[in-house]
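Enquirer: I'd like to ask some things about the structure below.
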Ligand SMILES: [Zn+2]
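In my numbering, the protein residues as written are 23 to 275.
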């Protein structure tokens with residue numbers, strides 16, 4: 023089995039999902055809002071073994087923040103089907119071009135929503151699938167500590183080496199996206215992430231140089247990463263699966 027731990031599977035076509043399943047993929051499907059969370063639960067019904075459900079509200083989607091109560095209800099009502107909470111985190115890109123006052127307001131509101139999800143994750147011991155950009159980990163880490171959340175996944179994380187070290191010291195995970203295939207700078211950063219904390223993701227259908235992200239891109243990512251860890255692609259993929267089991271271990275769905 024291969025793992026794509028962060029994918030917007032509700033936006034993939036049935037054909038794309040079925041092709042990935044035929045290739046033995048398990049897909050960590052992350053929700054963006056109420057509608058997408060409901061779609062992901064339906065995907066779980068259809069492909070119970072290959073879909074790992076993460077429900078949440080995307081932190082850059084402020085227009086859905088008002089759905090928070092209903093999304094938390096959905097989480098609480100589907101504990102037997104879900105593997106974790108996500109995509110959740112801290113707004114960053116959404117702040118671009120806003121005034122200082124607006125930025126403060128959005129960040130504050132975003133943190134409030136994030137905290138409610140973390141509280142829920144802590145209550146039910148659910149892994150979290152996080153969108154936290156660069157130095158915003160300094161806002162995220164104290165909150166994770168406050169709610170005793172260990173082994174969080176920072177998806178497509180890129181930051182300074184000091185900040186990377188902080189994530190290492192706190193035993194969190196980072197999933198590497200196929201952006202390593204097209205972005206040299208990000209690839210350089212990704213090579214420095216200690217292998218024990220590495221997971222792989224497509225963030226599909228996000229496009230990489232015009233190419234639609236699908237779970238199979240994990241193979242390409244693994245093949246360019248493997249030599250830097252002195253492993254074959256197969257060995258690296260095995261290590262990624264072991265890491266993913268550790269990440270998901272807090273939950274059995
Ligand atoms: Zn995402």
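Just so you know, even glycine gets a beta-carbon here, dropped at the ideal spot from N, CA and C.
Treat the numbers as computed from the prediction; the structure is a model and nothing was measured.
Assuming residue 214 and residue 186 make a contact with CB atoms under 8 Å, what is their CB distance in whole Å?
Expert: Numbered from its first residue, the chain shown carries residue 214 at position 192. Numbered from its first residue, the chain shown carries residue 186 at position 164. Indeed, because the Cβ distance is near 7 Å, the residues count as touching under 8 Å.
Enquirer: Please classify residue 111 as buried or exposed, where buried requires at least 16 other C-beta atoms within 10 Å of its C-beta.
Expert: The residue given as residue 111 occupies position 89 in the chain shown. Buried, by the Cβ-count rule.
Enquirer: Among 54, 23, 48 and 195, which residue has its Cα nearest to the Cα of residue 33?
Expert: For the purposes of this step, residue 33 is taken as the residue at position 11 of the chain shown. Nearest option by C-alpha distance: 54.
Enquirer: In angstroms, rounded to a whole number, what distance separates the CA positions of residue 269 and residue 211?
Expert: Taking the chain shown and counting its residues from 1, the one referred to as residue 269 is at position 247. Taking the chain shown and counting its residues from 1, the one referred to as residue 211 is at position 189. Cα-Cα distance, rounded: 21 Å.
Enquirer: How about residue 225: is its Cβ closer than 6 Å to a heavy atom in ligand 1?
Expert: One-based indexing of the chain shown puts residue 225 at position 203. Within the cutoff, so yes.
Enquirer: Would the beta-carbon of residue 180 be found less than 6 Å away from any heavy atom of ligand 1?
Expert: In the chain shown, residue 180 corresponds to position 158, counting from 1. Answer for residue 180: no, Cβ out of range of ligand 1.
Enquirer: Less than 6 Å between the CB of residue 229 and some heavy atom of ligand 2, yes or no?
Expert: Only ligand 1 can be found as ligands here, which leaves ligand 2 out of the picture.
Enquirer: Run the proximity test for residue 257: is its beta-carbon closer than 6 Å to any non-hydrogen atom belonging to ligand 1?
Expert: Within the chain shown, numbered from 1, the residue matching residue 257 stands at position 235. It does not: the Cβ of residue 257 is nowhere closer than 6 Å to a heavy atom of ligand 1.
Enquirer: Which parts of the region 199-223 are runs of the beta strand (DSSP E), unbroken and 3 residues or longer, counting only runs that do not cross its ends?
Expert: Runs of the beta strand (DSSP E) inside the region 199-223: 220-222.
Enquirer: So, helix, strand or coil for residue 110, using DSSP?
Expert: As a position in the chain shown, residue 110 is number 88, starting the count at 1. It is a strand residue.
Enquirer: Throw me the rounded Cβ distance for the residue 73 and residue 51 pair, which I believe falls under 8 Å.
Expert: Taking the first residue of the chain shown as 1, we reach residue 73 at position 51. Taking the first residue of the chain shown as 1, we reach residue 51 at position 29. Between residue 51 and residue 73 the Cβ distance is about 5 Å, and since that is below 8 Å, they are a contact.
Enquirer: Just the C-alpha distance for residue 67 and residue 161, rounded to the nearest angstrom, thanks.
Expert: In the chain shown, the residue the question calls residue 67 occupies position 45. In the chain shown, the residue the question calls residue 161 occupies position 139. Going by the C-alpha atoms only, they are around 36 Å apart.
Enquirer: Hey, quick one: how far does the alpha helix (DSSP H) through residue 99 stretch, first residue to last?
Expert: On the chain shown, position 77 is the one that residue 99 refers to. Here the alpha helix (DSSP H) through residue 99 covers 90-99.
Enquirer: Confirm, please, whether the CB-CB distance from residue 208 to residue 218 is below 7 Å.
Expert: Residue mapping note: residue 218 aligns to position 196 of the chain shown, counting from 1. Residue mapping note: residue 208 aligns to position 186 of the chain shown, counting from 1. Contact: no.
Enquirer: Would you list the residues sitting across from residue 177 in a DSSP beta bridge?
Expert: Looking up residue 177 in the chain shown gives position 155. In DSSP, residue 177 forms a bridge with 197.
Enquirer: Go ahead and pull the three-state DSSP assignment for residue 26.
Expert: Taking the first residue of the chain shown as 1, we reach residue 26 at position 4. Three-state result, residue 26: strand.
Enquirer: Would you call the CB atoms of residue 239 and residue 224 closer than 7 Å?
Expert: Within the chain shown, numbered from 1, the residue matching residue 239 stands at position 217. Within the chain shown, numbered from 1, the residue matching residue 224 stands at position 202. For residue 239 and residue 224, yes; Cβs fall inside 7 Å.
Enquirer: In whole angstroms, give me the CA-to-CA distance for residue 82 and residue 29.
Expert: Here residue 82 is taken as the residue at index 60 of the chain shown, counted from 1. Here residue 29 is taken as the residue at index 7 of the chain shown, counted from 1. Going by the C-alpha atoms only, they are around 16 Å apart.
Enquirer: Taking C-alpha atoms, which residue in 88, 43, 93 and 49 lies nearest to residue 60?
Expert: Taking the chain shown and counting its residues from 1, the one referred to as residue 60 is at position 38. Here the closest residue by C-alpha is 93.
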